[in-house]
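J.: Position in the sequence shown counted from 1, then plus 967, gives you the working numbering. I am attaching a structure below and will ask some questions about it afterwards.
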Amino acid sequence: MTGPDLQIYVEAARRGWPALRVDLHAFAAHVSRHAAVKGLLPLEHAPDLYLAFACAARVPGAMEAFELAFARVIARVLARRRANADVADDAGQTLRERLLVAPPGGIPKIAEYSGAGPLKSWVAATAATTLLMMFRSQERRREDSDESGAAAAIARDAGPELQYLKERYKNELQDAVTRALARLNERDRTMLKLHLADGVSIDAVGALYNVDRSTAARWINAARSSLVTLTRTDVRERLGLSDGECDSIAALVRSQLHVSFVRLLK
């Protein structure tokens, strides 16, 4: 986009937000870069690109204008995540920072908006994706912490015996888990892969199966329990271990399923 078309676009953009004092030469270059990739940009979205550019450039008043225009959009995205008030406040603040604040050596996420479609739709889609990644990361950290703590507790309780079993039957345990996975039904196997191997949140798994979060969590926990039980039975039958040894191995598998056996689910 060059010449008269670019001038018309810049003027239309500026009229949408006359109070924002943007460097028009820099904005024109920004428009040209996006147009080189997207082609001729729709004139109706020129004010949207202008506001996004102003936010990325930290033009005075731009952040406030963004908040007035899109606070409800972000609130609706948070509502769909069923976040309580405290979580919503924290997530909303973090989301705004990720959209509007540049990381060290980088550019703000909002600078990626090209003006090809409505900024409202872009904010909603980007917010949903960013929140999913945020919640998935938080959930994974909680799970890793819980499982690491459980593994440490088991190791403290069992001491040298569990360590011996872990080292002595490492390969046999991996084979047993593989066989146990093969014996699970397709839904259980898929849910474990999604949640443990791919990092998909419980909420997202529930959405995939059109059930609420509590049902999805119950199904995932049942699948984990089935996997542990099948592994314990396999180990007992093939290795002839005592009940106590099998119980220790089952506890080890349960506590370290994500950490130690996630590659078997990929």
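Cβ coordinates follow ideal geometry from the N, Cα and C atoms, glycine included.
Quick check on this structure: which residue in L1067, V1040, N1177 has the alpha carbon closest to the alpha carbon of A1095?
T.: V1040
J.: Using the rule of at least 16 other Cβ atoms within 10 Å of the residue's Cβ for burial, across every protein chain shown, is L1035 buried or exposed?
T.: The residue is exposed, with fewer than 16 neighbouring Cβ atoms inside 10 Å.
J.: Could you tell me whether the Cβ atoms of L1016 and A980 are closer together than 8 Å?
T.: Yes, they are a contact pair.
J.: Can you have a look at L1163 and say buried or exposed, based on whether 16 or more other CB atoms are within 10 angstroms of its CB?
T.: buried
J.: Give the C-beta separation of L987 and A1023 to the nearest angstrom, bearing in mind that I take them to be a contact with Cβ-Cβ under 8 Å.
T.: The Cβ separation is near 12 Å, so there is no contact.
J.: By the three-class DSSP mapping on this structure, what secondary structure does V1172 have?
T.: Three-state result, V1172: helix.
J.: For A1120, count the other beta carbons within 10 Å of its own beta carbon; 16 or more makes it buried, fewer makes it exposed. Which is it?
T.: Low confidence applies here, because A1120 scores a pLDDT of 48, under 50, leaving its location unreliable; read the following figure in that light. Exposed, by the Cβ-count rule.
J.: For a quick check, are the C-beta atoms of H1301 and G1082 less than 8 Å apart?
T.: Outside the displayed span of the chain (968 to 1233) sits residue 1301, for which this structure offers no information.
J.: Sorted by chain position, which residues of the same chain lie with C-beta nearer than 7 Å to P1070's C-beta, five sequence neighbours on each side aside?
T.: none
J.: Pick from T1061, K1160, V1044: whose alpha carbon is nearest that of A1092?
T.: V1044
J.: Look at F1033 and K1087 and say whether their C-beta atoms are less than 8 Å apart.
T.: no
J.: At the level of alpha carbons, what is the spacing between F1228 and L1197?
T.: With a pLDDT of only 46 at F1228, under 50, the local geometry of the prediction cannot be trusted, and the value read off the model is given with reservation. Each residue's Cα considered, the two are about 15 Å apart.
J.: How many Å lie between S1168 and L1066 at the Cα?
T.: If you take the alpha carbons of S1168 and L1066, they lie about 22 Å apart.
J.: Considering only their Cβ atoms, is the gap separating P1014 from W984 smaller than 8 Å?
T.: yes
J.: Are the beta-carbon atoms of L1148 and L1194 separated by less than 8 Å?
T.: With respect to the 8 Å criterion, L1148 and L1194 are classified as neighbours on the basis of their beta carbons.
J.: For P971, is the classification buried or exposed, using 16 other Cβ atoms within 10 angstroms of its Cβ as the cut-off for buried?
T.: exposed
J.: Can you name, in chain order, every residue of its own chain whose Cβ lies under 6 Å from the Cβ of V989, other than the five neighbours on each side?
T.: A1021, V1026
J.: V1026 by DSSP, collapsed to three states: which one?
T.: coil
J.: Please classify L1062 as buried or exposed, where buried requires at least 16 other C-beta atoms within 10 Å of its C-beta.
T.: buried
J.: Can V998 and Y976 be called in contact, C-beta distance under 8 Å?
T.: Their beta carbons are under 8 Å apart, which means V998 touches Y976 by this criterion.
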